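For reference, the structure discussed in these notes is given below.
Numbering (the numbering used here), first residue to last: 743 to 960.
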């Protein structure tokens, strides 16, 4: 298979994936994840994600290269000092959010007369939730029909933090309910995965760990 034919085949598969994933699904509840460890200077630490739910919905734009979902999750941290050191100082940060991946970013669609067919946004499609947007490079065009060409770029993974919280000794948590995520300009499958990260710092050591949820396709 030559390069042009291979590019056309990849584009066709990507557009087919868009069509199959366009309909909204039901909410998917995810199992909790937890990890416990002892820091280098003896603190007992744990990080967990619970109450995770992904509610896929049809995009308001009704554009097949867009996805929308409402995400819920809770991240919980615990920090217990070494034996006999109840007054020892410790600071930390608890972060929770989602990683979003798109196989193929759609940059532009152009007809034979050179008019743009409406793939908007600065620098092409991106991921948005409280502001962040992807800045993408443009790759060579793939000719789909004699009168239609599609410009696509390689896939991209974007990390969006829903919340960050300063923590100390004891238990702390951050909860997101129905957080909104929208993905625009993606001509292939869209995958999301939750994460929760705990970073700690004491006069003697910095430490940290994380847990990750299951991959969900929108």
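C-beta: ideal position from N, C-alpha, C; glycine also.
Remember, predicted model here, so these are calculated numbers, not experimental data.
{"Item": "From 926, 960, 939, 937, residue whose alpha carbon lies closest to that of residue 805", "Value": "926"}
{"Item": "Proximal residues to residue 947 (C-beta, below 7 Å), its chain only, five neighbours per side dropped", "Value": "781, 782, 783"}
{"Item": "Cα-Cα separation between residue 801 and residue 924, rounded to whole angstroms", "Value": "8 Å"}
{"Item": "Where residue 878 falls, given that 16 or more other Cβ within 10 Å makes a residue buried", "Value": "Confidence in residue 878 is poor, its pLDDT being 37 and thus under 50, which makes the residue's placement unreliable; the coordinate value appears in the next sentence. Buried, since its Cβ has 16 or more Cβ neighbours within 10 Å."}
{"Item": "Cutoff 7 Å; reference residue 919; Cβ partners in own chain excluding five residues on either side", "Value": "814"}
{"Item": "Close Cβ partners of residue 921 (< 6 Å) along its chain, the five nearest in sequence each way excluded", "Value": "813, 904"}
{"Item": "Residue(s) in a DSSP beta bridge with residue 847", "Value": "895, 928"}
{"Item": "C-alpha gap between residue 818 and residue 836, whole angstroms", "Value": "8 Å"}
{"Item": "Residues bridged to residue 787 [DSSP beta-bridge criterion]", "Value": "779, 821"}
{"Item": "Reference residue 833; option with closest CA among 840, 899, 823", "Value": "823"}
{"Item": "Nearest residue (CA-CA) to residue 900, options 943, 934, 951, 810", "Value": "934"}
{"Item": "Residue(s) in a DSSP beta bridge with residue 940", "Value": "836, 951"}
{"Item": "Per DSSP, cross-strand counterpart(s) of residue 907", "Value": "836"}
{"Item": "Test item: CB-CB of residue 778 and residue 938 under 7 Å", "Value": "no"}
{"Item": "Beta-carbon contacts of residue 808 that lie in its chain and below 6 Å, excluding the five residues immediately before and after", "Value": "801, 926"}
{"Item": "Own chain, CB closer than 6 Å to residue 794, minus 5 neighbours either side, in chain order", "Value": "772, 815, 936, 955"}
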